[in-house]
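**Q**
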Amino acid sequence: MTITLKETDAVVVGVGWTGSIMARELTKAGLNVVGLERGAKRMPRDNFTIPSVRDDLKYAVRQELFQDAQLETVSLRHSPSETALPIRRLGSFLPGTDLGGAGSHWNGMTWRILPSDHKLRSHLTERYGKNAIPEEMTVEDFPVSYDELEPYYDKFEKLCGVSGKAGNLRGKIIDGGNVFEGPRQNDYPNPPLTRSMAGTIMEKASRDLGYHPFPAPSSNASEVYTNFEGLTLGACEYCGHCERFGCEANAKASPNVCILPALLADPKFELRTYAQVKELVYDKAAKKVTAVRYVDTRTGEEYEQPAGLVILGAYVFNNTLLMLTAGIGEPYDYKTGKGAVGKNYCYQVSGNSVTVFFGDKEINPFMASGAHGVLIDDFNGDNFDHAGLGFFGGAWIQAGPTNGRPIATRPVPPGTPAWGREWKKATAQWYNHAFNIGASGCNYAHRENFLDLDPTYRDALGRPLIRMSYNFRDNDRKLADYIGGVLGRLAKAMNPTHMSTPSTQRGDYNVVPYQSTHNTGGTMTGTDPKTSVVNRYLQAWNADNLFVVGASVFPQNASYNPTGIVGALSYYAAEAITTKYLKSPGPLVHA
Amino acid sequence: MADETIARRNFLLGAGLAGTAVAAGLAQSETAEAQTPADAAKAAAAAAKPPAPPPQSPDARLLLNETEFAFVAAVVDTLIPVDELSPSGSDCGCAVYIDRALASAWGGGAKMYRAGPYFKGKPEQGYQLPLSPAEFVQAGIAAANAWTRKTYGKDFDRLDAGKRIEALKAMQEGKAEFENFSSRALFARLYAMTMEGFFGDPIYGGNRNMASWKMLGFPGLPATYAHLIDAYRDKRYVAPPQSIADFS
């Protein structure tokens, strides 16, 4: 028996970064908002304290803060001709759960994408010719330009107290920042974090090669900082327990630190935890989502929450699943190229890395923040000429350990056995003398990479799993080969005692080793209702009162960690709702 | 040979539990004494201030049987041999760690999607068996011992050090042909767990005395380096390691 509740002005599905921002902006505009969070209420003062927060096995290995795959997962096949099988144990990507979502245990890399990434298809066509983009590469423009989104990037950076150094301040190029970034109106709210020893080596090597190193844009505050919500972040302790962990110092920006204390104190907001959203109630004729159905996982009771406005702020897979199961919009068909829900699912080309070993240098890898590497962006996006290369896109490249936690971080030179006496000797010898140079690559949309509903496997609520048809394609492999070459040059310029062979991306996509939780697409934004799911304000073309917020709206993955872009888009969509939609509910864009 | 194996394992078990047995015996006789009328006052005092519990055997096991535990101990001792850098894998508690991990919610299949149907799939699709980690390791140990008995005439833990290395390499490379079981997959699981036990916090039963952290120079907790990161640029930072228990 479904229990129908009293209607509310707005309901938010998932209370992570996007859900928290949307709920905060909507309650400020006077709306009563219900936030539905499948997980528990998790706040730093109860959950992220010494000593238990420094538990490598519990958090980093056993994945304490991540989605429970027993209840929800996705299936994978490499091509539409194969049978998909469920990802039974999360590995390659780790979606968060509980209040704050992945925002409570990310590393804190906070980016803007390049102006050219905002209009990728137009840009590549203009620069390389009308036929330059291969037919199967279904990349698109973001309908929102860099300049339009700039104030919202700025706002999210101020919410998080991002630490960094501007490389382009109102058009003025500044050495030591990312000289490739779009013009920013303001510098970062906090100065960069203290560089690590590995970063010092990276800085010199990349300058020697004529590249442009800069400190990571980091949501680990370098100084105590109070944001515009009146909430205060502590200063980073460089504790080396960042990604996969909550922050003991409250220095890592999270919804739990940066918004939720204000939101939870607002009587216009009601948080319901253990509320697992099952489906959207869709009135196709009226083009409205009238309610959200959810299960209280403490009682098994099912509720229907009617709402005037519905915000989808779940992860990429659940945003797409809820659209597909409700029948909102046309599911993508890879054979005809028609339909848009599930289209342009992208991931990350992250197979590139090289490890360098220095007999005479002390690295102290355990003195680390989640995002305080030294990076170069010379080989990312279209920052370099792609004529004749046979691929588009690139990668940001970084050196600087995020940790020295020894269950996973204890590099040994190539040729060392994996166990036994020799392995032990090398492990002890090199632990403090090595680090990794890594790359995080673009992943451009491909016609046969998409999401739909699995015909066989179901989740704990009885819904079909999202089925991922995905593999690395020709563009990705060539990109990784090219970046592997850059990594090799960087490593050699450091003059290490030993170095590994730079790895590339040769095999099929593998769900087992961790790569990146930067899954994107499935409910892409665009200018045409036939080829996109939401308009520039993230409003569903086929349901006026439904806004889908998150990386599921990206037309492709521009290599950069998505949180900065997701945060900016959330503020952009929230403003459209509060200044336009509420005054005149209906489509904000007439196609 | 089978009888000999059991006898030896019983001896090991007995040695491991001796401390506990003696302590439990003492506790029992104290209770009996307290029940005599003459000692009523003493009993009341004892009830007001209960004696400290007897020390637990650090090797007490939750899940694995003796044969399985002997196999695991032999594996961790081969992967992590004793030398000047650290005690052996089992002396560091790695076998106990593995037993406890397999008995934990994780070992029982927590956070794993386990619904059928089951297909073999490609390696890139990940683990596709219905078995929980505990069931997987137990089935794997049975298959591994069957294979070493066929190949060497003995269970794995009865092999000498050289043969153990040879057998483990064959499993690591997938060349050991177990019946209905992937030797490579068993090795990968045991290898990962051994490293977790050796390098994880001692609270889980492994890394006794923080042996691996001392070997590496990993300082453990509380890890606040804001005031040190500049001062120790290119200088080795040495601090006695501290674990969760040191702050609890």
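So the sequence lines, in the order shown, correspond to chains P and H. Note that this note's numbering has the first sequence beginning at -13, numbered continuously upward. Note that this note's numbering has the second sequence beginning at 302, numbered continuously upward. Where a beta carbon is used, it is the ideal one built from N, C-alpha and C, also for glycine.
P:S38 touches chain H at which residues, Cβ-Cβ below 8 Å?
**A** I545
**Q** Output, in chain order, the set of chain P residues within a Cβ distance shorter than 8 Å of H:M472.
**A** Ordered by position in chain P, no residue passes the 8 Å Cβ test against H:M472, which lies about 12 Å from the chain.
**Q** Using a Cβ-Cβ cut-off of less than 7 Å, give me the residues of the region 217 to 228 of chain P that come near chain H, in sequence order.
**A** A221, C222, E223, Y224, C225, G226, H227
**Q** Let's test the definition: count the other Cβ atoms within 10 Å of the Cβ of P:L583 and tell me whether it reaches 16, buried, or not, exposed.
**A** This structure cannot speak to residue 583 of chain P, because chain P is shown only from -13 to 577.
**Q** Give me the Cα-Cα distance between P:V267 and P:G536, rounded to the nearest whole angstrom.
**A** Taking the straight line from one Cα to the other gives about 21 Å.
**Q** Apart from the five residues just before and just after P:T218, which ones in its own chain have a Cβ nearer than 8 Å to its Cβ?
**A** V210, Y211, T212, N236
**Q** Would you mind reading off the limits of the beta strand (DSSP E) that contains P:R279?
**A** 274 to 282
**Q** Give me the residue from H:A493, H:G498, H:L469 with the minimum Cα distance to H:S484.
**A** H:L469
**Q** Would you kindly check if the distance between the Cβ of P:N505 and the Cβ of P:V327 is under 8 Å?
**A** no
**Q** Have a look at P:L473, P:Y456, P:K464, P:G427 and flag the residue whose alpha-carbon is nearest the alpha-carbon of P:F421.
**A** Considering only P:L473, P:Y456, P:K464, P:G427, the residue with the shortest C-alpha distance to P:F421 is P:L473.
**Q** Indicate whether at least one CB of chain H lies closer than 8 Å to the CB of P:R74.
**A** yes
**Q** What residues match up with P:K238 in a beta bridge as DSSP calls it?
**A** P:N206
**Q** By alpha-carbon positions, which one of P:T564, P:G89, P:T490, P:K254 ends up nearest to P:N461?
**A** P:T490
**Q** With 8 Å as the threshold, decide whether the Cβ of P:Y495 is near any Cβ in chain H.
**A** yes
**Q** Given that H:T449 touches chain P, what residues does it touch there, using C-beta distances under 8 Å?
**A** Within 8 Å Cβ-Cβ: nothing; H:T449 doesn't reach chain P, min ~18 Å.
**Q** For H:P431, I'd like the list of residues in its chain whose CB is within less than 8 Å of its CB, leaving aside the five on either flank, ordered along the chain.
**A** R415, G417, Y419
**Q** Under 8 Å between beta-carbons, which chain H residues line up against P:Q49? List them in chain order, please.
**A** K412
**Q** Find the residues of chain P that neighbour H:L403, judging by a C-beta separation of less than 8 Å, and give them in chain order.
**A** Within chain P, not a single residue places a beta-carbon under 8 Å from that of H:L403; the smallest gap is close to 13 Å.
**Q** Please list the partners that H:Q429 has in chain P, where partner means a Cβ-to-Cβ separation under 9 Å.
**A** L71, P72, R74
**Q** Check distances from the C-beta atoms of the region 400 to 434 of chain P to those of chain H and list, in chain order, the residues that come in under 8 Å.
**A** Within the region 400 to 434 of chain P, contact with chain H at the beta-carbon level (separation under 8 Å) is assigned to A404, W405, G406, R407, K410, K411, T413, A414, Y417, N418.
**Q** Quick check on this structure: which residue in P:G153, P:P247, P:V539 has the alpha carbon closest to the alpha carbon of P:I362?
**A** Per the Cα distances, P:G153.
**Q** Does the beta-carbon of P:M183 have 16 or more other beta-carbons within 10 angstroms, so that it is buried, or is it exposed?
**A** buried
**Q** Classify P:N350: buried if its beta carbon has 16 or more other beta carbons within 10 angstroms, exposed otherwise.
**A** buried
**Q** Which first and last residues belong to the beta strand (DSSP E) in which P:T306 is found?
**A** Run containing P:T306: none in the beta strand (DSSP E); it sits in the alpha helix (DSSP H), 302 to 312.
**Q** Quick one: is H:G441 buried, meaning 16 or more other Cβ sit within 10 Å of its Cβ, or exposed?
**A** With 16 or more other Cβ atoms within 10 Å, it is buried.
**Q** Would you say H:A527 faces chain P, with C-beta separation under 8 Å as the test?
**A** For H:A527, the answer is yes, since a Cβ of chain P falls inside 8 Å of its Cβ.
**Q** If you draw a straight line from the C-alpha of H:I399 to the C-alpha of H:L529, how long is it?
**A** 36 Å
**Q** Figure out for me which residue from H:T379, H:D360, H:T368, H:R362 has the closest Cα to the Cα of H:G463.
**A** H:T379
**Q** Which whole-angstrom value is the C-beta distance of P:H104 and P:Y132, which I expect to be below 8 Å?
**A** 5 Å
**Q** Nearest-angstrom Cα distance between P:E389 and P:P403?
**A** The amino acid at residue 389 of chain P is misidentified as Glu; the sequence shows Asn. Between P:N389 and P:P403, the C-alpha separation is close to 23 Å.
**Q** Report yes or no: do three or more beta-carbon pairs, one from the region 439 to 449 of chain P and one from the region 370 to 383 of chain P, lie closer than 8 Å?
**A** no
**Q** Mind pulling the chain H residues with CB within less than 7 Å of P:G390?
**A** F519
**Q** For H:R534, name the three-state secondary structure that DSSP assigns.
**A** Taken through DSSP and simplified to helix, strand or coil, H:R534 comes out as coil.
**Q** In terms of alpha-carbon separation, which member of P:Q53, P:T96, P:G315, P:K27 lies closest to P:L250?
**A** Closest option to P:L250, judged by alpha-carbon separation, among P:Q53, P:T96, P:G315, P:K27: P:K27.
**Q** So, with DSSP's three-state summary, where would you put P:W3?
**A** helix
**Q** Less than 8 Å between the beta carbons of H:G408 and H:A435, yes or no?
**A** It is a contact, given that the beta carbons lie within the stated cut-off.
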